[in-house]
């Protein structure tokens, strides 16, 4: 029971869609706003900041995205036979 995630597969799929369709664009706006406050840094620094922010936004939600591309583990396996 300890190995089972707290969210069901369907709930994780729904939350991943919400995060990708709403959360990611909002995070992009925040990232661009942060760089605008810096008065256009050099291109290499701007690239480093965008890559770092692009990785950091997903780390707290790693458990939501894990296994989403796989088949539903809770589905009845006999349906495909």
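In the working numbering, the protein residues as written are 15 to 95. Glycine included, every Cβ here is placed at the ideal spot set by N, Cα and C.
Keeping to the same chain, check which residues put their C-beta closer than 7 Å to that of residue i; ignore five residues upstream and five downstream.
i	result
residue 95	The predicted model places residue 95 with a pLDDT of 49, which falls under 50 and marks its position as unreliable; any figure quoted below should be read in that light. Taken in chain order, the list of residues that qualify is empty.
residue 60	49
Does the distance from the C-beta atom of residue i to that of residue j stay below 9 Å?
i	j	result
residue 47	residue 78	no
residue 63	residue 45	yes
residue 80	residue 27	no
Would you identify the three-state DSSP class for residue i, choosing helix, strand or coil?
i	result
residue 68	helix
residue 28	helix
residue 52	coil
residue 82	coil
Please return the same chain residues whose Cβ sits closer than 6 Å to the Cβ of residue i, not counting the five positions on each side in sequence.
i	result
residue 71	41
residue 21	none
residue 88	23
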